[in-house]
Amino acid sequence: MTRLSLRCTGGFTGPAGAQTRTVDLSLLPPHQAHELEHLLAASDFFALPDKLLKPAPRSSDFLYDLKVDQGPQAHCIRYHLDAVPPPLKELTDKLSEVEPD
Numbered sequence: 056m057t058r059l060s061l062r063c064t065g066g067f068t069g070p071a072g073a074q075t076r077t078v079d080l081s082l083l084p085p086h087q088a089h090e091l092e093h094l095l096a097a098s099d100f101f102a103l104p105d106k107l108l109k110p111a112p113r114s115s116d117f118l119y120d121l122k123v124d125q126g127p128q129a130h131c132i133r134y135h136l137d138a139v140p141p142p143l144k145e146l147t148d149k150l151s152e153v154e155p156d
C-alpha cells in the first residue's frame, strides 16, 4: 500500500490557508495510481533529502510537505516547488488536483 499526504502552506494566507490532500493509491483507478507511482519512482523520492528549499524564499512562497508511506518505508520532505526535480514538481501538481481533505 502506498499513501501520499501533501500539505501546502504559504501564499498570502500563510498557515491559515493550509490545505492537506491525502491519496491512497490502492483506492485510485489503475491508470491514475500507475502515473503517481511512476512520478514517485522517477523523483527517487526516498533518496531525496528532508528539505529542498530555495536559498532566498519570499514570505508569499508556497511551502510543501509531502509524506509518503510505502509499506515499511516512510519519508517526508519539505520543499519549495521551484527547488525540486521535475518529476517531484509534476507529482505535486497532480496531487494538487485532488480535493483537499
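The numbers in this note's numbering rise by one with no breaks, and the one at position 71 of the sequence shown is 126.
Each residue gets a CB set at the ideal place from its N, CA and C atoms; glycine is no exception.
Sub-9 Å separation of residue i and residue j beta-carbons
i           : j           : result
residue 117 : residue 66  : yes
residue 60  : residue 139 : no
Limits of the beta strand (DSSP E) - the one that residue i falls within
i           : result
residue 129 : 128 to 134
Local conformation of residue i per DSSP, three classes
i          : result
residue 81 : helix
residue 91 : helix
Bounding residues of the alpha helix (DSSP H) (the contiguous stretch that carries residue i)
i           : result
residue 144 : 141 to 151
Strand pairing of residue i, partner residues [DSSP]
i           : result
residue 99  : Per DSSP, none; premise fails for residue 99.
residue 60  : 77 and 122
residue 108 : Beta-bridge pairing links residue 108 to no other residue.
Identity of the residue in the options nearest residue i by Cα
i           : options              : result
residue 143 : 115, 125, 114 and 93 : 93
residue 87  : 141, 156 and 149     : 149
residue 145 : 58, 96, 83 and 57    : 96
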